[in-house]
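The structure appears below as structure tokens.
Number of protein chains: 2
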Amino acid sequence: MKFRIKTLPLRTERIAVVLSQDDAAELGLLPGDRVKVSYDGKSFVAEVEISQEFISSGEAGVCTFTAETCSLSEECVVEIVPFARPKSVEYIRKKLNGAKYEREEIKDIIGSISSDVLSDIEISAFILANEIVGMQNDEIQWMIEAMVEVGERVVFERGTVVDMHSIGGLPGNRFSLIAVPTVAAAGLLIPKTASRAITTASGTADTMEVLANVNLSVDEIKEITEEVGGVIAWNAPTGIAPADEKIIRVEYQLELSPKPHLMASVLSKKLGSGARFVAIDIPVGKKAKVENVDVGRGFANAMMEIGRNLNLKVATALTDGSQPLGRAIGPALEAREVLEVMERKVEGDLLEKSLGIAGILFEMTGIATNGYQHARKIFESGKTLEKFREIVAAQGGDESVKAEDVAVGDKTYTLHAAKEGYVREIDIAALNEIARTAGAPKDKGAGVYVHKKRGEVVKVGDPLLTIYAEKEWKLDNAIEVANTKQAFEISGVIIERYTMGRWWS
Amino acid sequence: MKFRIKTLPLRTERIAVVLSQDDAAELGLLPGDRVKVSYDGKSFVAEVEISQEFISSGEAGVCTFTAETCSLSEECVVEIVPFARPKSVEYIRKKLNGAKYEREEIKDIIGSISSDVLSDIEISAFILANEIVGMQNDEIQWMIEAMVEVGERVVFERGTVVDMHSIGGLPGNRFSLIAVPTVAAAGLLIPKTASRAITTASGTADTMEVLANVNLSVDEIKEITEEVGGVIAWNAPTGIAPADEKIIRVEYQLELSPKPHLMASVLSKKLGSGARFVAIDIPVGKKAKVENVDVGRGFANAMMEIGRNLNLKVATALTDGSQPLGRAIGPALEAREVLEVMERKVEGDLLEKSLGIAGILFEMTGIATNGYQHARKIFESGKTLEKFREIVAAQGGDESVKAEDVAVGDKTYTLHAAKEGYVREIDIAALNEIARTAGAPKDKGAGVYVHKKRGEVVKVGDPLLTIYAEKEWKLDNAIEVANTKQAFEISGVIIERYTMGRWWS
């Protein structure tokens, strides 16, 4: 049947046509079915949606995304015929029944997701099938290969290219901003791509953006890396492994991130950025993505094996995922803290982890036998800060940037301890929620500063955390969250007290 | 934050508001998150969608469905604040992890689906979790109770109310049109609600609609049933168990129908229509919803147990699901065939099954000890046809309706046998596709007539099937499907031939 194109004032990131109920029935089509749309000797496959209003018989509605992607304009006349569902839907059903994907099948699925032909319902089925049924290492490897293949790639002609990544979920986990310049200062190339926060208060890209531009193309990443040795860029605009973003969007709505997808997400980005050696941070903790050390080891082994088959040398570090790294949570607070560390004003776990991760890469590439010591030497020589400023400048930031220049939210509120003891537990999910409610990551200056970490002694009236916000109403909401959720568990230093009476009873 | 309502020219059957990217970030919202929308002392919870175009900062877009359901109009000013996701999402996640639903949890989920607060992605997760993890009988019972509770109900003050239903999927399975009047002729009340075809060429409601109006309210169903003893109505407009339609819409896109949902779908409708005794038809066959007799028995036992706990007496019949019932497929062809049977012009499996199902209800209610014989007596006395015409008339149809009056498609094509033998297999999926391609169920006169059924002998040139269509182009497409898919498997009558040589070798 012939249809006249009608462009609709809406945008959904999916190739779809909207037909009237009558026309859909005439063609025997139901929502979710596919059609082949042909015009001017071209054709594409689209999902069918059905409208009871707004679309008249003889019209095919398209949103602006479909119109642009398929170069359709108002009043274009197209031929529409029913078409089979994508084969990928069948492969997902096979997995639901417990089967293993073939290499070509997973390639087909990733291709369909990348080119926006799968519906949200179908992507949900993919995620749930992989979560419940699981994936074997070779399936994950094929998924990674497919993800990289359909995207952009950075190709370096010379140099030893390394990279680092965290599987994420830990507040304040900004070691890359220190480890990347340390590694680059030693002559390695490190084209680090990083995420923005989805459910947390800041991602490495959000924090770096406080100091420099992070929206770089693959060409810019290559150029800057070759010029100064390293870069810290947001991964999305690079076009590397584009299926990842689309899968993560649906995972967020399902509140799920299947472990095979976590592995594929990290390794596809690293492979796409041209790295040959990669250090992976796996935070382990009750509320982290990896819940205990046993699971962490299995996860680490799988990633190393998959890496080997992809010609990517992978080392992993199981790290403490039970409390924030450093004390700052939120883009500007974190940016200030990493600068304070590099300016030698503060020490602690953030510095230690940064040197540890850099050290792993030094050992992997044969630069040093004691990588940590080598990293510390570079750091103490001041070369880390110097290199960081070079990177910031190359990404359009201020090359003389200092911690004290970083502006943080001017609306603040400090929570004090009501009893004496030591910090037994910190609830990272609660801290995250407080920081997000205060405005992070959108409001760069918003977040939380943690005064007391686990094991530290607390006296009555000591500050526990300070909330920073840019807007009064967000500060108020964050205070409410902080008062409701107990982010800190304070225990008496004396575990239990026995009276003499009890001893004798 | 305050927002001005903007009504959007689109309709999605879900309570949602569309915010600009900036405003969503300001509130820390991502697609799929929920917000509380307040105005004029009222409030409702909506899903968040984010637009990069068409919605300006300060505007909240709503589709016509949300505008109507929540009585919002253009320029209304509303207050929007972030709100927790529905608890039901958490319960679905529990099931994904292998847990059992609590009664209140499943009630909450069904309530959320019925009131359009769950997204398609969330409904997908519900379906997939139940498919993969499964549901126990008491969970299914609670699901049914919840489905009935949120919908309309038919309440009869007197009389013995019975009902019948097929779990579906079998072409030509129109026994209800004969069994309902047979049962009603014996003085039982039978307020039969039925489906329209989703993936098949006709549903009982589509076929009945050829002869009468099937869009009835619960009040009309009650009135007609009390007046003439029976009714055959489409279930959707009754408002009985409204969650069912919404779940089925997503199941279609997943190409899944979990067995617990099949049971819940059937029993909720029967419970909602006021029945106390129900006969359930379970077609068993390789391409049917129930694949073999063992599975069928488990299915039947589960339904009977669940029925018992719902105070609903359930009897089940495992029937042949490997070939069409009768010979007609498609609304008008089927309507004509059931009339031919009632006019005593044809006999065969359609009549036998109809009398068998009616007989089960006669035995359950104590009307007869040999139900089948009782049904046959009524049928042969002419009371079945007489009652059917009364029902048709009560539903606004022609009370003197005859088989020869039913108009079928005038574009036809007959496929003939190319070889001799007997029919070994009939592919019901292929017949279904041919009939749908010919225009069924939208074009009432379209469909397929099967000349040879399983076991029947075929000579070269014998007609195998005739395709009926209302439109030439649909007939052409259907012929193409018929030529591609082998709907009939014809075998030589001699299974294998041995030469003398082979015997002696």
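Protein sequences, first through last, are from chains A and B. The numbering of the first sequence is the working numbering, which starts it at 8 and goes up by one. The numbering of the second sequence is the working numbering, which starts it at 8 and goes up by one. The beta carbon of each residue, even a glycine, is placed where N, CA and C say it ideally should be. Computed from a predicted model, the values in this text were never measured in an experiment.
* Contact check, residue 193 (chain B) vs residue 374 (chain B) under 8 Å by CB: the rounded distance? -> 6 Å
* So, residue 116 (chain A) versus residue 154 (chain A), is the Cβ gap smaller than 7 Å? -> no
* Asked: Should residue 260 (chain B) be labelled buried (16 or more other beta-carbon atoms within 10 Å of its own) or exposed?
  -> buried
* For residue 197 (chain B) versus residue 237 (chain B), is the C-beta spacing smaller than 7 Å? -> yes
* Using the beta-carbon count (16 or more within 10 Å), is residue 423 (chain B) buried or exposed? -> exposed
* With C-beta atoms as the reference, is residue 477 (chain B) less than 7 Å away from residue 454 (chain B)? -> no
* So, using beta-carbon positions, are residue 220 (chain A) and residue 403 (chain A) closer together than 7 Å? -> yes
* Ordered list of alpha helix (DSSP H) runs contained in the region 160-209 of chain A, each at least 4 residues -> 183-192
* To do: Identify, in the order they occur along the chain, each residue of the same chain with its Cβ nearer than 6 Å to the Cβ of residue 25 (chain B), setting aside the five sequence neighbours on each side.
  => 56, 58, 62 and 68
* Asked: Tell me the DSSP bridge mates of residue 423 (chain B)?
  -> B:470
* To do: Starting from residue 428 (chain A), trace the alpha helix (DSSP H) both ways and give me its first and last residue.
  => Taken as a continuous stretch (DSSP letters only), residue 428 (chain A) belongs to no alpha helix (DSSP H), being part of the beta strand (DSSP E) at 428-433.
* Taking the continuous beta strand (DSSP E) assigned at residue 358 (chain B), which residues delimit it? -> No beta strand (DSSP E) holds residue 358 (chain B); the alpha helix (DSSP H) holding it covers 356-371.
* Asked: What do you reckon, is the C-beta of residue 124 (chain B) under 6 Å from a heavy atom of the ligand MG?
  -> For the ligand MG, the structure offers nothing, since it holds no ligand at all.
* To do: Note down, in chain order, each residue of its chain lying with its Cβ closer than 7 Å to the Cβ of residue 213 (chain A), except the 5 sequence neighbours on either side.
  => 203, 204, 338 and 448
* Decide yes or no for the touch test of the region 87-95 of chain B against the region 485-498 of chain A: beta carbon pairs closer than 8 Å, at least 3 of them. => no
* Got a sec: is the Cβ-Cβ distance from residue 261 (chain A) to anything in chain B below 7 Å? -> yes
* CB contact check: residue 60 (chain B) to chain A, cutoff 7 Å -> yes
* To do: Helix, strand or coil for residue 92 (chain B), going by three-state DSSP, please let me know.
  => coil
* Reduced DSSP secondary structure (H/G/I, E/B, other) of residue 389 (chain B) -> coil
* Cβ pair residue 13 (chain A), residue 75 (chain A) closer than 7 Å -> no
* On the three-state DSSP scale, how would you describe residue 394 (chain B)? -> helix
* **Residue range of the alpha helix (DSSP H) that includes residue 486 (chain A)** => 479-491
* Report the neighbours of residue 43 (chain B) on chain A: residues whose CB is nearer than 7 Å to its CB, in chain order. => Correct list: empty, because the minimum Cβ distance to chain A is about 13 Å.
* To do: Would you list the residues sitting across from residue 41 (chain B) in a DSSP beta bridge?
  => B:54 and B:90
* To do: Return no unless some Cβ of chain A is closer than 7 Å to the Cβ of residue 127 (chain B).
  => yes
* For the region 255-287 of chain B, which residues have a CB atom closer than 8 Å to at least one CB atom of chain A, in sequence order? -> 256, 257, 259, 260, 261, 262 and 263
* To do: Tell me, please, whether the CB atom of residue 362 (chain A) is closer than 7 Å to any CB atom in chain B?
  => no
* In angstroms, rounded to a whole number, what distance separates the CA positions of residue 47 (chain B) and residue 108 (chain B)? -> 37 Å
* To do: Return the CA-CA distance between residue 188 (chain A) and residue 350 (chain A), expressed in angstroms with no decimal places.
  => 13 Å
* **Distance, residue 335 (chain A) Cα to residue 472 (chain A) Cα** => 10 Å
* To do: Give the range of the alpha helix (DSSP H) segment to which residue 61 (chain B) is assigned.
  => Counting along the chain, residue 61 (chain B) falls outside any alpha helix (DSSP H), and DSSP gives it neither H nor E.
* To do: Would you list the residues sitting across from residue 476 (chain A) in a DSSP beta bridge?
  => A:418
* **Per DSSP, cross-strand counterpart(s) of residue 379 (chain B)** => According to DSSP, which records beta bridges pairwise, residue 379 (chain B) is partnered with nothing at all.
* Answer with yes or no whether the minimum CB distance from residue 16 (chain B) to chain A is below 7 Å. => yes
* Cβ-Cβ distance between residue 497 (chain A) and residue 420 (chain A) below 7 Å -> no
* Whole angstroms is fine: what's the gap from residue 506 (chain A)'s alpha carbon to residue 285 (chain A)'s? => In this prediction, residue 506 (chain A) has a pLDDT of 47, which is less than 50 and means its spatial position is unreliable; what the coordinates show is noted afterwards. In a straight line, the C-alpha of residue 506 (chain A) is about 57 Å away from that of residue 285 (chain A).
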